[in-house]
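Peer 1:
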Amino acid sequence: MICQKLTLLECLILESCTTISDSGLTGEFKNYSDSITPTPLSNLKYLKKLSLRGNYLITNRGCLKAIRFPELKFLFLKDCHGLIFNDDFLMELRRQNPCLRHF
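Going by the working numbering, the sequence shown wraps up at 1341, each residue one higher than the last.
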C-alpha cells in the first residue's frame, strides 16, 4: 500500500519488522488473492533514505531486485542477518543507486 499510494515519499524506515521478506520488497507474492495489488518498493522513485535495519527475512536477491532508486543517498541494512555483504553485492547496490553515499 505504501509503494502504491505514497509515490512521492523521500524517507522510509522499516526497521525490525519480523515479517518483511523479499516478496514484501519486490511485490512478488505467490498465490496472492487480496484485492490490493502488490507494488514493489522500487515504485518509490523519489526515495532518498531507506532503512531496513533488523529485518531478518530479506536476502541479497530481494535487495538487488527491489533497491533501485535514482535519488537514494542513504541505505541502512545493519542487522539484516539474511544478507551477505560481499564486494559483488555492494558494487551492484552502488550501480543500481547512483546517488548512494552511505550504507
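Positions of the beta carbon are idealized from the N, C-alpha and C atoms, including for glycine.
#1: Rounded to whole angstroms, what's the CA-CA distance from Lys1286 to Leu1263? Just pull it up for me.
#2: Tell me the DSSP secondary structure of Tyr1284 in three-state form.
#3: Using alpha carbons as the reference points, say which of Leu1310, Asp1317, Glu1309 and Cys1301 lies closest to Asn1293.
#4: Applying the criterion that 16 or more other CB atoms from any shown protein chain within 10 Å of the CB defines a buried residue, is Cys1249 buried or exposed?
#5: Could you give the distance in angstroms between the alpha-carbon of Asn1298 and the alpha-carbon of Leu1244?
#6: Is Ile1322 closer than 8 Å to Leu1313 when the C-beta atoms are compared?
#7: Tell whether a beta-carbon distance below 8 Å holds between Phe1341 and Leu1315.
#8: Alpha carbon to alpha carbon, how far is Arg1339 from Leu1310?
Peer 2: By the coordinates alone:
#1: Note on geometry: alpha-carbon atoms of Lys1286 and Leu1263 lie some 16 Å from one another.
#2: Secondary structure at Tyr1284: coil, using DSSP grouped into helix, strand and coil.
#3: Checked all of Leu1310, Asp1317, Glu1309 and Cys1301; the closest Cα to Asn1293 is Asp1317.
#4: Label assigned to Cys1249: exposed.
#5: Rounded to whole angstroms, Asn1298 to Leu1244 spans 25 Å at the Cα level.
#6: No. Outside cutoff.
#7: Cβ distance < 8 Å, so Phe1341 and Leu1315 count as in contact.
#8: For Arg1339 and Leu1310, the gap between their C-alpha atoms comes out near 8 Å.
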